[in-house]
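Colleague:
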Amino acid sequence: DGGITQSPKYLFRKEGQNVTLSCEQNLNHDAMYWYRQDPGQGLRLIYYSQIVNDFQKGDIAEGYSVSREKKESFPLTVTSAQKNPTAFYLCASSIATGGRYEQYFGPGTRLTVT
Amino acid sequence: DQQVKQNSPSLSVQEGRISILNCDYTNSMFDYFLWYKKYPAEGPTFLISISSIKDKNEDGRFTVFLNKSAKHLSLHIVPSQPGDSAVYFCAAMDSNYQLIWGAGTKLIIKP
């Protein structure tokens, strides 16, 4: 079955620790995205990648980092510099960017930092 | 400033009736719009889209209407079913082909 997997579904961390969220897709999509969702708000773009070894900052990239070493994988690291890391994180992919391509989403990871 | 607004946080509709979800946008350069449906603790799933060259797009029980002059679009679900209970997001594609999202409307279908 083709799709996007995110793990784990729930993640708990202590303040001051970096944490990496996993995102894997087997849809053979070139483009991948990370969003953050907070209660009562729309999705906000953190980072996106159009191709392997390339990525761009989205609207709220501060305190986050990503890598794209493989087409299938786009992990997101939430660093200790992110002031409000507790949120629901969504990974998505699309065939490409630069066109009207719908995005497909993974099930999300809920991160709680205390 | 929100460029895509869904002013109703929630909407309750009787099963079998029509559900109408609304979305307003401020940027007249947006020319492609999408609706996504989201269940709790899951990722959004694509429902239907519309290009600005059209004013209506239909897919089964779902129809999206676009009024460019009013910068307004709406999603109609007819007839509404219990499985339609979810949060519905409106999104607009900007000139960089990135999606700008509304805050969502929670639809509750009453039996």
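Heads up: the sequence lines are chains G and E, in that order.
So the mapping is simple: my numbering equals the position in the first sequence, first residue as 1, plus 234.
Residue 57 in my numbering sits at position 74 of the second sequence; the count goes up by one each step and never skips.
Beta carbons: idealized from backbone N, C-alpha and C, even for Gly.
Does residue 341 of chain G come within less than 8 Å of chain E when only Cβ atoms are used?
Modeller: True, the Cβ-Cβ gap to chain E drops below 8 Å.
Colleague: Return the Cβ separation of residue 87 of chain E and residue 6 of chain E in integer angstroms, given the expectation that the two are a contact with Cβ distance under 8 Å.
Modeller: Residue 87 of chain E to residue 6 of chain E, Cβ: 10 Å. No contact.
Colleague: How far does the beta strand (DSSP E) with residue 112 of chain E in it extend, from its first residue to its last?
Modeller: Since the first residue of chain E shown is -16 and the last is 94, residue 112 of chain E is not available in this structure.
Colleague: Please list the terminal residues of the continuous beta strand (DSSP E) segment that includes residue 291 of chain G.
Modeller: Residue 291 of chain G -> beta strand (DSSP E) spans 288 to 291.
Colleague: Whose Cβ in chain C lies nearer than 8 Å to the Cβ of residue -13 of chain E?
Modeller: Annotation note: the requested chain C is absent from the structure, which comprises protein chains G and E.
Colleague: Counting only Cβ pairs nearer than 7 Å, list the residues of chain G close to residue 27 of chain E.
Modeller: What residue 27 of chain E touches in chain G: 339.
Colleague: Per DSSP, residue 324 of chain G is paired with what?
Modeller: For residue 324 of chain G, which the question treats as bridged, DSSP gives the partners G:269.
Colleague: Using a Cβ-Cβ cutoff of less than 7 Å, which residues in the same chain neighbour residue 69 of chain E once the five nearest sequence positions on both sides are dropped?
Modeller: For residue 69 of chain E, where only same-chain residues beyond five positions count, the Cβ hits under 7 Å are 20, 21, 22, 90.
Colleague: When you compare the region 299 to 314 of chain G with the region 249 to 266 of chain G, are there three or more beta-carbon pairs, one atom per stretch, that lie closer than 8 Å?
Modeller: Contact holds: three or more Cβ-Cβ distances are below 8 Å.
Colleague: Hey, how far is the Cα of residue 247 of chain G from the Cα of residue 316 of chain G?
Modeller: Approximately 13 Å between the Cα atoms of the pair.
Colleague: Under three-state DSSP, which class holds residue 67 of chain E?
Modeller: Residue state, collapsed to three classes: helix.
Colleague: Residue 53 of chain E: which of E:-1, E:-2, E:-6, E:13 sits nearest, CA to CA?
Modeller: Ranking the options by Cα distance to residue 53 of chain E, first place goes to E:13.
Colleague: Is it the case that the Cβ atoms of residue 15 of chain E and residue 332 of chain G are separated by a distance below 8 Å?
Modeller: It is not a contact, given that the beta carbons lie outside the stated cut-off.
Colleague: Mind checking the region 322 to 334 of chain G against chain E and listing, in chain order, the residues whose C-beta falls within less than 7 Å of any C-beta there?
Modeller: Hits within the stretch, in order: 324, 331, 332, 333, 334.
Colleague: Since residue 93 of chain E is in the beta strand (DSSP E), which residue starts that stretch and which ends it?
Modeller: 88 to 93 is the span of the beta strand (DSSP E), which, as asked, contains residue 93 of chain E.
Colleague: Identify the residues that DSSP records as bridge partners of residue 258 of chain G: which are they?
Modeller: For residue 258 of chain G, which the question treats as bridged, DSSP gives the partners G:239, G:307.
Colleague: Short of 7 Å Cβ to Cβ, which residues in the region 11 to 24 of chain E face chain G?
Modeller: Per Cβ criterion, the list reads 15, 17, 24.
Colleague: Grab the span of the beta strand (DSSP E) containing residue 20 of chain E for me, first residue to last.
Modeller: From DSSP, the beta strand (DSSP E) with residue 20 of chain E extends over 15 to 21.
Colleague: For residue 26 of chain E versus residue 341 of chain G, is the C-beta distance shorter than 8 Å?
Modeller: Going by C-beta atoms, residue 26 of chain E is nearer than 8 Å to residue 341 of chain G.
Colleague: Alpha carbon to alpha carbon, how far is residue 295 of chain G from residue 348 of chain G? Give it in angstroms, no decimals.
Modeller: Taking the straight line from one Cα to the other gives about 21 Å.
Colleague: Which residues in the same chain as residue 320 of chain G place their Cβ atom closer than 7 Å to its Cβ, once the five residues preceding and following it in sequence are excluded?
Modeller: Cβ within range, chain order: 345, 346, 347.
Colleague: Per the contact definition of three or more C-beta pairs closer than 8 Å, is the region 323 to 330 of chain G in contact with the region 237 to 256 of chain G?
Modeller: Counting Cβ pairs under 8 Å, three or more are found: they touch.
Colleague: Report yes or no: is there a C-beta of chain E within less than 8 Å of the C-beta of residue 306 of chain G?
Modeller: Not an interface residue.
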